[in-house]
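First comes the structure, then the notes that go with it.
Protein chains: 2
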Amino acid sequence: MNGADSLADTLLHNGIDVCFANPGTSEMHFVAALDRKPEMRCILGLFEGVVTGAADGYARMADKPAATLLHLGPGLANGLANLHNARRAGTPLVNIVGDHATYHKQYDAPLQSDIEELARPMSHWVHTSANAGAVSRDAAAAIEAARTAPGQVATLILPADAAWSETNADIATARRPEVPVVADAAIAAAVAALRNGRRTLLLVGGMALRAGPLETASRIAQATGARLLAPQANGRMERGAGRVALERVIYRIDSALADLQDVEQVILVSAKAPVGFFAYPGKPGSMLPGDCAVLTLSELGEDGPDALARLAEALSIGRDVRALLNAPGAPSTPTGALTPAAIAQAVGALMPEGAIVVDESVTSGFGFFTHTHQAAPHDFLQLTGGAIGMGLPATAGAAIACPGRKVIGLQADGSGMYTLQALWTHAREKLDIVTIIYANRSYAILRDELKNVGAGEPGENARAMLDLDRPNLDWVRLAQGMGVEAGRATDADGFVTLLKAALRGQGPFLIEAVI
Amino acid sequence: MNGADSLADTLLHNGIDVCFANPGTSEMHFVAALDRKPEMRCILGLFEGVVTGAADGYARMADKPAATLLHLGPGLANGLANLHNARRAGTPLVNIVGDHATYHKQYDAPLQSDIEELARPMSHWVHTSANAGAVSRDAAAAIEAARTAPGQVATLILPADAAWSETNADIATARRPEVPVVADAAIAAAVAALRNGRRTLLLVGGMALRAGPLETASRIAQATGARLLAPQANGRMERGAGRVALERVIYRIDSALADLQDVEQVILVSAKAPVGFFAYPGKPGSMLPGDCAVLTLSELGEDGPDALARLAEALSIGRDVRALLNAPGAPSTPTGALTPAAIAQAVGALMPEGAIVVDESVTSGFGFFTHTHQAAPHDFLQLTGGAIGMGLPATAGAAIACPGRKVIGLQADGSGMYTLQALWTHAREKLDIVTIIYANRSYAILRDELKNVGAGEPGENARAMLDLDRPNLDWVRLAQGMGVEAGRATDADGFVTLLKAALRGQGPFLIEAVI
């Protein structure tokens, strides 16, 4: 077999059976190899940002990596923004990037660039296979790197001659790196802190946002009086009726500072201390009070659920201490004007149990939690790295990871335009996704920020860069142009009608919600 | 004033009065500064690939750089593919990339990444401004770098606090680096070569592809018997009736090798020796015969037109030696089936004098020259770096550089999908662009390459990655969804009717040519 076959076999042997792809000529031998492996599901994205964003969404829900297939430096470059988000989410992901044949590099052909240098900023692990014989063990090393907690982005560069040359190397097995457990001292320090009488914030992220460990965290909070909170943006959290009642750190710096002003100590559980998404003149970078003590129960790459269980035990929390769970009680459907709140209320009212909600609604989604704590239990996936254009692709990946579950995309219009090509993948793969476009026809968050800068009302040049009108985007036509059925709502009743129909149906549907 | 004002003033002072932008919060002070400068034309792209591709197209036609405005690492990453093309075209371009405030980096906020490392592979010059006082001289250095022949990509990173802090630094003037002229020895060597009786190829690129120097090159070829040829892909060439009859190096490796098999020596004029776009097993990387001598008359960054003039003089070529020019004689309009040849014939028949043709038609455009040598004189801009997604943005940039000239985009469907957001910019800026989509509904070039690999007929997985059908893209709806009028043609007569109407009208129009 050749190196390309060796790579495909290694992926399959190690449980990677989905490949999100946009190949080029230099990857044609790998395409031919995949063509010989019907066990591999190959999914085309019409732009590489779709490919990497889908791989991110897939792995968040499948708890295992997908592979991507990208074409040389520019193809990788197009996928970097969503790799950045994946990296911030702690997503396991294996990028396969084709390169020119090793002996062709001397010619500096038109598509040549420094792929390793491009990959490094957004990858935890980067390696170029030297030859066909090295491909399988390199791929296994990539998979191991991807599996390393909390989940890493591994980029394997495959020169064309490493793909097409023959090899009889064995197919390598990737290890599953153990997730390190925290030291007893960290548990003891947290116990002491929770008993020292200070106002404590328990900030819980990563795998500790799944339903089980969150209940443990909630019981700890209930027993000790600590406040429980999730980071502002998270790869995946389990929430809704019957699950822990949980809020997140607020995005806007002034509100966040006010909200956290009384915190005397924070205990981090697989989470980072909260900082401003951006810096603002005269405002602090950390969201915590200056004299707030910061303890780390578990680092991002450590076993947070285990640490919480041991902490609960060390605190001798009795069975009588219950987690604070959301009671069932989905909201009623809204009527009247179509606002972000009305959309949240409608989604909260109508979403089925087991739904997967992918949130890239930016400003429009800031109030989403208020209306959905008591909605049917669901997964909630967020934009973790701030690189817009993750939403539409990630819904595709989530739908592929979880057939039979309804996926709901909460999508800002400006962000949606970044990777709208994903809608075609929704259609081709007949994915069960309802996309809700919050059509406010501006980069609303930037209009806010311009005000914060003290620039007053935007003039012509600022409006030229912040508004999405003149002309308005017609999302119904855009969706239909890629084979996705779509409708437009301009009031809450119309939105509810469309959402009901979309949730009842199978396959992709897009609702342009004019707000 | 603050650093942002200083930057805007420096750009304007040095003749940069167009800024293609997609800003974010960290660039808001620069947006506010631009809002105070109505002399700057700010043009929004709904994705950064649109921004950089437009800046490339603009500078190719304006012969001076535009500025871009990009948001942090991910915003830059999204623009890298078209920076790669610009770098390969020898395009002058000044990227402004915002960054977090310097003191905010300690927090590793969600959007943080290594911007310099991301920029370096696709930039000739990269620098981060240390503070507001340094911004103007840094910007002038960036402009000088961009102006350095043959044109370079300069990336200036602007930390938010360098933008918002006050400065009283002077506004710096950027030098215009002289284009080095070639040494007399290079002229003498070329004279000797052209007189040694060998079969000679004169390969002419860069600024030597403008009408004047091309005539000199043609006269040299006519006088010496050398064969005149252009590289396969070029940033800009002036062609059509009354201009030099010129072919390009062939893209497909086998055809190129056959075409060049008799060449005994090549003289490079601001061009690189032709190499395979990709490597293929068992085929050479260079397109020249193994024993072909390679002489360089002028390097890419040297003054090719001057070198040609001096070479003609040194060869004592008399006034009686005329350049070989295309006679007027545009083709008639086609009828019958709609094929790439019919499209070329129709465009050749109907395009007005001074049209700007931007070619990203990939396989569909391989025969375009055949039908357009005698068309009205026009500029021809190509995909120079092979990173698809340059076409629709570059037409926008060209139209902004040259109001009053008709821009015609020859656009493959697969490539067009990469940056289709550019159509919205066509609509918002009311640009006079006719976009022709070659709707063959596949990555046709890759279907060819899969055959070359010897993989035979594509199976399910290969088709999943190479075909763009299931569902077909509806380009008419996609265009209308972004405010661009559009129509579909399925035969040559229908295409001619639509093209005539589009060329007669003003403003953007898209024709989906189903081939």
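Protein chains in written order, with my numbering: chain G, 1 to 515; chain Y, 1 to 515.
Positions of the beta carbon are idealized from the N, C-alpha and C atoms, including for glycine.
Chain G has a Cβ within less than 7 angstroms of the Cβ of Y/Gly483.
For Y/Tyr438, the enclosing beta strand (DSSP E) begins and ends at 433 to 439.
Neighbours of Y/Pro471 across chain G, judged by C-beta separation under 8 angstroms: Trp424, Ala427, Arg428, Met482, Gly483. Per DSSP, the beta-bridge partners of Y/Glu166 are Y/Asn2.
Membership of G/Gly389 in any alpha helix (DSSP H) is not indicated, and neither H nor E is assigned to it by DSSP.
Judged by beta-carbon spacing, G/Pro393 lies within the 7 angstroms limit of G/Thr419, meaning their Cβ atoms are closer than that value.
Beta-bridge partners assigned by DSSP to G/Leu158: G/Gly98. Rounded to the nearest whole angstrom, the C-alpha separation of G/Val453 and G/Pro352 is 42 angstroms. Judged by pairs of C-beta atoms under 8 angstroms, the segment 291 to 309 of chain G does not touch the segment 233 to 241 of chain G, as fewer than three such pairs exist. Listed along the chain, the chain G residues whose CB falls inside 7 angstroms of the CB of Y/Leu478 are Leu478, Gly481. G/Arg219 sits in a helix when the DSSP states are folded into three classes. Identification of chain G residues near Y/His100 by a Cβ-Cβ cut-off of 8 angstroms yields Phe278, Ala279, ordered along the chain. Using a 10 angstroms sphere on the CB of G/Lys430, the tally of other CB atoms stays under 16, which defines it as exposed. Around Y/Ile515, the same chain offers Leu338, Thr339, Pro340, Ile343, Ser364, Tyr438, Ala439, Asn440 as residues with beta carbons nearer than 8 angstroms, after the five sequence neighbours per side are excluded. With fewer than three CB-CB distances shorter than 8 angstroms, the segment 106 to 126 of chain Y does not count as touching the segment 56 to 66 of chain Y. When only Cα atoms are considered, G/Gly49 and Y/Leu325 end up about 45 angstroms apart.
Beta-bridge analysis with DSSP links G/His71 to G/Gly98. Neighbours of G/Ala109 in chain Y, taken as residues at a C-beta separation under 9 angstroms, are given in chain order as Val275, Gly276, Phe277, Phe278, Ala279, Gly285, Gly386. Put simply, the CB of G/Glu512 is far from chain Y, with every gap to its CB atoms at 7 angstroms or more. In the three-state reduction of the DSSP assignment, Y/Met122 falls in the helix class. When C-beta atoms of the segment 269 to 278 of chain Y are compared with those of the segment 181 to 188 of chain Y, fewer than three pairs fall below 8 angstroms, so the two segments do not count as touching. For the segment 401 to 422 of chain G, the set of residues with a beta-carbon nearer than 9 angstroms to any beta-carbon of chain Y comprises Gly414, Met417, Tyr418, Thr419, Leu420, Gln421, in chain order. In this structure, G/Thr216 is the residue among G/Ala422, G/Thr216, G/Leu7 with its C-alpha nearest to the C-alpha of G/Ser316. Just measuring C-alpha positions, the residue of Y/Thr395, Y/Ala273, Y/Asn22, Y/Leu288 sitting nearest Y/Ser298 is Y/Ala273.
If you draw a straight line from the Cα of G/Cys292 to the Cα of G/Gln480, it comes to about 52 angstroms. In this structure, the straight-line span from the alpha carbon of G/Phe366 to that of Y/Ala455 is close to 51 angstroms. Considered as a whole, the segment 234 to 285 of chain G harbours 253 to 259 as its complete alpha helix (DSSP H) runs of no fewer than 4 residues, in chain order. Note on geometry: alpha-carbon atoms of G/Ala59 and G/Phe20 lie some 12 angstroms from one another. Looking at the backbone, the Cα of Y/Asp5 and that of G/Ala462 are separated by about 14 angstroms. Not a single C-beta of chain G is nearer than 7 angstroms to the C-beta of Y/Met1. For the options G/Glu485, G/Val97, G/Ala387, the alpha carbon positioned closest to that of Y/Leu72 is the one of G/Ala387. Taking 7 angstroms as the threshold, the shortest C-beta distance from G/Leu46 to chain Y falls below it.
In the DSSP assignment, G/Phe495 falls within the alpha helix (DSSP H) that extends over 492 to 504. Secondary structure note for Y/His378: its beta strand (DSSP E) is the uninterrupted segment 378 to 382.
Taking the Cα positions, Y/Gly205 is about 22 angstroms away from Y/Val321. For G/Ser298, the uninterrupted beta strand (DSSP E) run begins and ends at 293 to 298, by DSSP.
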